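What follows is a short report on a single structure.
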Amino acid sequence: MVDFHSHILPGIDDGSQSVDESIKMLKSSWEQGVRTIVATPHYYASDESVDSFLKRRDRSFDMLQKELENISFDVPNIVLGAEVYFFNSMGHSDDIKKLSIGNTKYILVEMPFSPWTTSTINEIYSIMSKNMIPIIAHIERYFNQEKKSGKIEELMDTDVFIQMNCEYINDIFTRRKALKLIENNIINVIGSDCHNLSNRTPNMGKAISIIENKLGYDMIENIYNTSMYILK
């Protein structure tokens with residue numbers, strides 16, 4: 304399985320704070336059935352340039368890779384990306400393509416936590432006009448915020464891809480809604496959004512098991528195939 308949202312690179316954001324922690328997170332992910340993990344550290348355009356961010360990301364990745372050469376157990380393959388926080392005119396940024404996942408045209412976008420407007424949706428169209436496809440990160444976080452606005456439905460009409468965090472599947476109180484969204488093919492990919500080994504841990508294994516038990520192996524295969532289609 305592919306974990307499409309993680310903060311496993313050491314010392315770059317609020318995720319892993321050390322190489323040792325990153326390696327332990329990767330080991331846990333492998334043991335839960337994850338074979339590819341997309342590293343998506345936070346990028347905030349208000350804080351730094353794209354090039355500055357990429358230099359920090361590459362240093363963190365290189366430091367981790369150097370230590371991974373010395374381990375005696377398996378870990379998932381790491382694909383570099385970013386969790387790009389929505390900003391005005393992001394679709395007009397010449398550097399936005401540098402933040403895509405691997406060498407693909409897909410980019411993980413964290414939407415604003417203030418009410419969405421028509422301009423918000425138009426910005427997504429603007430990104431797509433550059434031949435890029437946004438993957439909307441942790442869609443479940445916006446359900447309450449946009450419950451009455453209809454903006455989530457508008458967003459989905461743009462043909463973006465949708466990512467759900469595994470915690471929404473694992474939580475007994477939100478599981479039914481999560482499974483319904485997956486069953487209706489609204490959710491394209493899933494991710495752990497893991498940050499550490501304490502309260503935001505790798506958790507793909509439980510989610511995979513729940514989906515398979517409730518919706519069948521074909522649904523797991525469907526999510527996997529979509530994930531690999533994106534990464535190809």
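Heads up, the final residue of the sequence shown is numbered 535 in our numbering, and it's a clean run with no missing numbers. The beta-carbon is built from N, C-alpha and C at its ideal position, and this holds for glycine as well. This one's a predicted model, so the numbers in the text were calculated from it and none came from an experiment.
Assigned secondary structure, ASN528 (DSSP; H/G/I helix, E/B strand, else coil) | helix
Should HIS308 go down as buried or exposed, given a rule of 16 or more other Cβ atoms within 10 Å for buried?
-> buried
DSSP beta-bridge partners for ILE430?
-> Answer by DSSP bridge pairing: none, since ILE430 is not bridged.
List the DSSP bridge partners of GLY494.
-> ASN468
Among all the DSSP beta bridges, which residues are the ones paired with ILE436?
-> TYR409
On the three-state DSSP scale, how would you describe ASN380?
-> strand
By how many angstroms is the C-alpha of ILE493 removed from the C-alpha of TYR526?
-> The residue asked about is misnamed: residue 526 is Ile in this sequence, not Tyr. When rounded, the distance between both Cα atoms is 8 Å.
What number of angstroms, rounded off, separates the C-alpha of ASP521 from the C-alpha of GLU351?
-> 42 Å
Minimum C-alpha distance to SER331 - residue among ASN516, TYR532, ILE523 and MET507 = MET507
Measure the CB-CB distance between MET366 and PRO313 and report whether it falls below 8 Å.
-> Between MET366 and PRO313, the gap from beta carbon to beta carbon is short of 8 Å.
Could you please give the first and the last residue of the uninterrupted alpha helix (DSSP H) stretch that includes PHE364?
-> 353 to 371
Closer than 8 Å by C-beta to ASN515: which residues in its own chain qualify, once you throw out the five before and the five after it? Chain order, please.
-> The residue you asked about is not Asn; residue 515 is Glu in the sequence shown. Excluding positions up to five away in sequence, the list reads MET522 and ILE523.
May I ask you to list the residues that DSSP assigns as paired with THR339?
-> VAL305 and ASN380
What is the residue span of the beta strand (DSSP E) that GLU386 lies within?
-> 386 to 388
Looking only at DSSP bridge pairs, what is HIS345 linked to?
-> GLU386
Coarse secondary structure for TRP419, derived from DSSP in three states = coil
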